[in-house]
Structures are given as structure tokens and as C-alpha cells.
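Under my numbering, the first residue of the sequence shown carries the number -14, and numbering increases by one thereafter. Ideal Cβ positions, reconstructed from N, Cα and C, are used throughout, including at glycine. The structure presented is a predicted model; accordingly, all values stated were derived computationally and were not measured.
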Amino acid sequence: YYAGWSRRTLEYVEDGERRFPWLGELCTRFERDCAPALAHGRLTAIHGELYPRNVLVRGGRIHPIDWESAALAPGAIDLVALIDGWDDVHDQALEAYVDERFGGRAPDGFERDCDAARLYLGFRWLGDRPYWTNLESSEYEFRALCATARRMELLP
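Here you go:
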């Protein structure tokens, strides 16, 4: 399942070898290193698209909506989706989560799990429709993929 999104991203991107010369290597490494970890890691019920646009807040209560992508999958997927694009508070949000969920000390592999989830979400949207893959606004997703892959040492 997870590898399919990276394969479709590579298939859909126009002029990918010139625009993103690192993409083929990343897709191979994602399929080999990250997809199995996502598929066989600790699974829980997730929303699947827990972005702020799919969350209503009323009276201090949170109400996720639009559950079409719900699945049994790593919880890190929902966590990184919820804080995606909030670069100015991203680290604070992760720290708050770790404090609340784990008492201040993240388990071994937590950061890598979050990064693998970030890669999956990037591929999930870039590999959904060829039109979306090639929009100018998708450049952000490609930059985020590359930065995350470098942080994970999947790319030089």
C-alpha cells in the first residue's frame, strides 16, 4: 500500500529526472526502508487525513470530520498531518505531544516514525492524481520530501 504511493508519484511527475534528480532514489529507499516499517509497526485506528481543515473545534471539544481515509495504521500519520505546514510551532507541537503521550521522553524510533509518516503523506498526495503532482503548488511537497529524506539519511 505505502510503496504504491511513491511509485505513482514517480510515474506521474513530469520531467522528474531533471526537476527532482533525487526522486527515483528516494522512492526506492522509501519502498525498501519505510514502507515495511509503516505496514508492520504499531498500528492503531487513525483518521488518515487529520489536517486542520478536517477538524472542527467547538466549546473546547475537538470533532474530526471526513473519515473516508480511516484505517489501521501508525498513529504518527495523524500526528504529522495535524501539524503539517505549521512550521513556526511544529517543534513545540511535537514536544507537547511527547510530554502528554510519553511523559516527556519519546520512545526509541519516534522521530524516524514521524519522518516516515511525513514521507508517506507527501507521496500520498503527490501520487493521487497526475494533475496534482504537477501543479506549481506541489513544489512545497517535493521540497518537504527531500528535506525529510535528507534528515533520515535516505538521501545524501
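Of all the alpha helix (DSSP H) runs that stay within the bounds of the region 31 to 71, which reach a length of 4 or more residues?
-> 61 to 68
Of the listed residues L41, H25, A55 and R136, nearest to L104 (C-alpha basis) = R136
So who's on the other strand from T29, going by DSSP bridges?
-> A58
Which class does E126 belong to by DSSP, given the choice of helix, strand or coil?
-> helix
Cβ distance (whole Å) where L106 is taken to contact Y82 below 8 angstroms = The Cβ separation is near 16 angstroms, so there is no contact.
Which value, in whole angstroms, describes the spacing of the CA atoms of R46 and P37?
-> 14 angstroms
Classify I50 as buried or exposed, calling it buried when 16 or more other Cβ atoms lie within 10 Å of its own Cβ.
-> exposed
Residues of its chain near D100, where Cβ-Cβ distance is below 8 angstroms and the 5 sequence neighbours each way are ignored | T133, R136 and M137
Distance, Cα to Cα, G9 vs E2?
-> 8 angstroms
Where the alpha helix (DSSP H) through Y(-14) begins and ends | Segment: none, Y(-14) is in no alpha helix (DSSP H) and carries neither H nor E.
Helix, strand or coil for W117, going by three-state DSSP, please let me know.
-> helix
Which whole-angstrom value is the C-beta distance of P59 and L35, which I expect to be below 8 angstroms?
-> Not a contact, Cβ separation roughly 13 angstroms.
Which of helix, strand or coil does DSSP assign to G107?
-> helix
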